[in-house]
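If you want it as structure tokens, here you go:
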């Protein structure tokens, strides 16, 4: 099961001298099975307040790849990605069961 | 034969005094041996034995009839002549006694650190300098270890034995081990109110390949969309937030055990808003708890138990 995470929303907060610290991100993930069937799920991540400003990337310099990596790391470590993959498999199976399939005319 | 003999009692006081010259700033009295000085008493009150293997020997032969107190002892006195501490043998006994005569602690140290103390009220502390029970042991890891190895099959590392005086009547409690939570001052809210709490509790055959029961708890954990990671799904106009929490057991079961969990919310809404919870991906060392919650910010505690009888 492959997946593609897409960022849909970023929320920031100011902490003392640190402005625009990312505290919340929302995303969609599109799961695609080997047959090309897809399932899309939504979710988000919350980030703790910073303990230091060292090593932080200014908000304006953030890249999509960097933010995606934050989210991918979190959902993997928290076990959420594994759960969502299970849900995707289940949803795709349900959809295939109820889906009417177009047939070639029998004559 | 002695070459020089000095006897006291010449003045009738019974005291023999050997004086160092008081005009000399280095007023010490020394007894030399062939290698140099080996007994020195200096002006500061320091008595030093400095030979290769210094010893103090008290010849413990005093069995004078009618004598009381400690014999063959080493003691210290304050300026008023009152003993502050004494180490010695009690007359009429073979027991060694260590007496702290002050209303203060007796402290045992090794390598510059305190290891044990007996405070003035008799409480014994190991790993703590403020024991609040008759025996108070504090450790950041395993504070007490009962390790009974190479014993016979009937040996036990710990025996809690209780012998009733008479046949106990129905309704009375008579046991070797009793864990009781007092009924006074019942706890409120989410506090645990029980005689025995299965937190980090376990039975095992050995430490690395566990067969038996272990339990633990984690919390407070955020659920809903305040969690570290969550997915969201609309169901009938209501958003369900799903969070996952990986629980590591801290031990390795011999095979994947059955895991059981109970959840406790930090408030009424947090508890009742949870719509579903289950265990996913159980392994010999961990499992994942999946929690679906209707509200955006709840906190939960997870109590878990792993059971493996293989």
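Chains as they are written, first to last, in my numbering: chain A, 449 to 555; chain B, 5 to 314. Every residue gets a Cβ at the ideal spot worked out from N, C-alpha and C, and that includes glycine.
- request: Could you tell me which residues DSSP puts in a beta bridge with residue 297(B)?
  value: 245(B), 278(B)
query: With 8 Å set as the bound, which would you pick, yes or no: does the beta-carbon of residue 231(B) sit closer than that to a beta-carbon of chain A?
result: Residue 231(B) counts as touching chain A.
message: Counting only Cβ-Cβ distances shorter than 9 Å, please list the residues of the stretch 490-508 of chain A near chain B, keeping chain order.
response: 490, 491, 492, 493, 494, 495, 496
- request: With residue 219(B) as the anchor, note down where its beta strand (DSSP E) starts and where it stops.
  value: Residue 219(B) -> beta strand (DSSP E) spans 216-227.
task: Report the option in 533(A), 472(A), 463(A), 532(A) whose CA atom is closest to the CA atom of residue 500(A).
output: 463(A)
message: Measuring straight from C-alpha to C-alpha, what distance separates residue 541(A) and residue 237(B)?
response: Approximately 18 Å, taken between the alpha carbons.
query: For residue 251(B), which residues does DSSP report across the bridge?
result: Looking at the DSSP assignment, residue 251(B) forms a beta bridge with 291(B).
query: For the alpha helix (DSSP H) that residue 530(A) lies in, which residues bound it at each end?
result: It spans 528-546 - the alpha helix (DSSP H) in which residue 530(A) sits, taken as one unbroken run.
field: 8 Å Cβ shell around residue 211(B) - same chain, five flanking residues per side excluded
entry: With a pLDDT of only 48 at residue 211(B), under 50, the local geometry of the prediction cannot be trusted, and the value read off the model is given with reservation. Excluding positions up to five away in sequence, the list reads 255.
- prompt: Excluding the five sequence neighbours on either side, which residues of its own chain have a C-beta within less than 7 Å of the C-beta of residue 486(A), listed in chain order?
  reply: 478, 479, 480
- request: Tell me, please, whether the CB atom of residue 248(B) is closer than 8 Å to any CB atom in chain A?
  value: yes
message: Mapping the DSSP letters down to three states, classify residue 525(A) as helix, strand or coil.
response: helix
Any C-beta of chain A under 8 Å from that of residue 294(B): yes
field: Contact residues within the stretch 525-546 of chain A, judged by C-beta distance below 7 Å to chain B
entry: 526, 527, 528, 530, 531, 532
- request: Check each candidate in 286(B), 248(B), 90(B), 121(B) and name the one with the smallest Cα separation from residue 264(B).
  value: For the residues 286(B), 248(B), 90(B), 121(B), the minimum Cα distance to residue 264(B) belongs to 286(B).
- prompt: Span of the beta strand (DSSP E) holding residue 87(B)?
  reply: 87-94
- prompt: Leaving out five residues before and five after residue 81(B) in sequence, what residues of the same chain have Cβ atoms less than 8 Å from its Cβ?
  reply: By the criterion of a C-beta distance shorter than 8 Å, residue 81(B) is surrounded in its chain by 87, 88, once the five residues flanking it on both sides are discounted.
- prompt: What residues of chain A sit near residue 235(B), judged by a beta carbon separation below 7 Å?
  reply: 489, 490, 491, 528, 532
DSSP-derived helix/strand/coil call for residue 106(B): coil
task: Could you name each continuous beta strand (DSSP E) segment of 3 residues or more that falls completely within the stretch 464-534 of chain A, going from the start of the chain to the end?
output: 466-480, 486-494
query: Nearest chain A C-beta to residue 284(B) closer than 8 Å, yes or no?
result: Judged by the 8 Å Cβ criterion, residue 284(B) is in contact with chain A.
- prompt: Any C-beta of chain B sitting closer than 8 Å to the C-beta of residue 461(A)?
  reply: no
message: What residue range does the beta strand (DSSP E) around residue 233(B) cover?
response: 233-239
message: Could you check whether the Cβ of residue 516(A) sits closer than 8 Å to any Cβ belonging to chain B?
response: Output row for residue 516(A): interface = no.
query: Is residue 458(A) close to chain B, meaning its C-beta is less than 8 Å from at least one C-beta of that chain?
result: Using a Cβ-Cβ cut-off of 8 Å, residue 458(A) does not count as an interface residue toward chain B, since no Cβ of chain B sits closer than that to its own.
query: Is there at least one Cβ from chain B nearer than 8 Å to residue 408(A)'s Cβ?
result: Here chain A has residues from 449 to 555 only, and residue 408(A) is not among them.
- request: Can you tell me which of the three DSSP states residue 57(B) falls into?
  value: coil
query: Skipping 5 residues on each side, what residues in its chain have a beta carbon closer than 6 Å to that of residue 297(B)?
result: Around residue 297(B): 227, 228, 245, 277, 278.
- prompt: For the beta strand (DSSP E) that contains residue 316(B), what are its first and last residues?
  reply: Since the first residue shown for chain B is 5 and the last is 314, residue 316(B) is missing from the structure and cannot be characterised.
- prompt: Using a beta-carbon distance below 8 Å, is residue 468(A) in contact with chain C?
  reply: Included in the structure are the protein chains A and B, with no chain C among them.
- prompt: Cα separation between residue 113(B) and residue 220(B)?
  reply: 35 Å
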